[in-house]
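Accompanying notes for the structure given below.
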Ligand code: ADP
Ligand code: MG
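Numbering (our numbering), first residue to last: 338 to 577.
Okay, here's the thing in structure tokens:
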């Protein structure tokens, strides 16, 4: 579903991604961990062309994103992204936030967009909150609206960049539950997060990044139980 090869990204003289190769199968949940500044966000942002890679190849469902003939706007719809900061429009209610892209990007009618928005909110357990404004929702609920918004466009793959890092601890669980349900429904997901417990029991594969490179990857039991590399061990020691 996602096939990244030789991905490099520099900001000025500084190379932040130094040749990333990663293939994610359909319905796989790949968890990306690594120290702050190792390039995790830049990697996700490149996969959605929020950053223009310097070099390499990114194929989504067989389509090369870096091919000048590719319709990037169309591909972006197929790649859902959820950020640490939920990025909801404060002057629009939950349904309105979801309807916006459905109307603007997909050209849906108001009635149809509303119907999809309500169904999407129901999927994240917020059927009752369609008319609530972001400031009337908890952080966990706002993040679930952001997930519903991404899912409403029926993406092929969902990218999550530290989706629970801005949440109070007691609100993290509700967001992880929604992510677990997406995984069970067969969504392909790449998740950057420090929720190691979630990684242990929900991830198919854990990728450890450091300094712009994938140092090591494997199933959660291997990465958490018997990491091969010293850098992985040192990083994980902070979470014991
Ligand atoms: P992570 O998400 O793993 O913490 P990032 O991808 O955010 O890492 O950042 C990796 C490195 O790239 C950092 O050194 C950061 O300062 C640098 N960086 C990220 N975005 C930019 C940018 N737009 N301009 C310049 N440097 C950036
Ligand atoms: Mg980051």
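Using N, Cα and C, we set each Cβ at its ideal position, and we do this for glycine too.
Enumerated in chain order, which unbroken segments of the alpha helix (DSSP H) with a length of 4 residues or greater are wholly contained in the region 480-525?
506-521
My assumption, with CB atoms under 8 Å, is that residue 501 sits in contact with residue 532. Please give the rounded CB distance.
6 Å
From residue 457 to residue 425, what does the alpha carbon distance come to, in whole angstroms?
15 Å
Would you decide whether residue 404 is buried or exposed? Buried here means 16 or more other CB atoms lie within 10 Å of its CB.
exposed
Would DSSP call residue 540 helix, strand or coil?
coil
Please classify residue 417: is it buried, with 16 or more other beta-carbons within 10 angstroms of its beta-carbon, or exposed?
buried
Pairs of beta-carbons, one from the region 503-517 and one from the region 391-400, closer than 8 Å: are there three or more?
no
Residue 388: beta carbon under 8 Å from a heavy atom of the ligand MG?
no
So, with DSSP's three-state summary, where would you put residue 380?
helix
Considering only heavy atoms of the ligand ADP and the C-beta of each residue, which residues fall inside 6 Å, strictly closer?
348, 353, 371, 373, 374, 375, 376, 377, 378, 379
CB contact flag (residue 402, residue 384, <9 Å)
yes
Starting from the Cα of residue 556, find the closest Cα among 540, 388, 362, 353 and give me that residue.
540
Outcome for residue 480 when other beta-carbon atoms lying within 10 angstroms are tallied against a minimum of 16:
buried
Go ahead and label residue 427 buried or exposed: buried means 16 or more other beta carbons lie within 10 angstroms of its beta carbon, across all protein chains shown.
exposed
Report the rounded CA-to-CA distance for residue 346 versus residue 374, giving the unit in angstroms.
13 Å
Between 569, 429, 419, which has its C-alpha nearest residue 498's C-alpha?
419
6 Å CB neighbourhood of residue 528 in its chain, flanking five on each side removed
368, 497
Cβ-heavy atom distance, residue 532 to the ligand MG, below 8 Å:
no
Whole runs of the alpha helix (DSSP H) within the region 364-425, excluding any shorter than 4 residues:
377-384, 409-414
Local Cβ density within 10 Å of residue 459, reported as buried at 16 or more and exposed below that:
exposed
Do residue 359 and residue 551 have their CB atoms nearer than 9 Å?
yes
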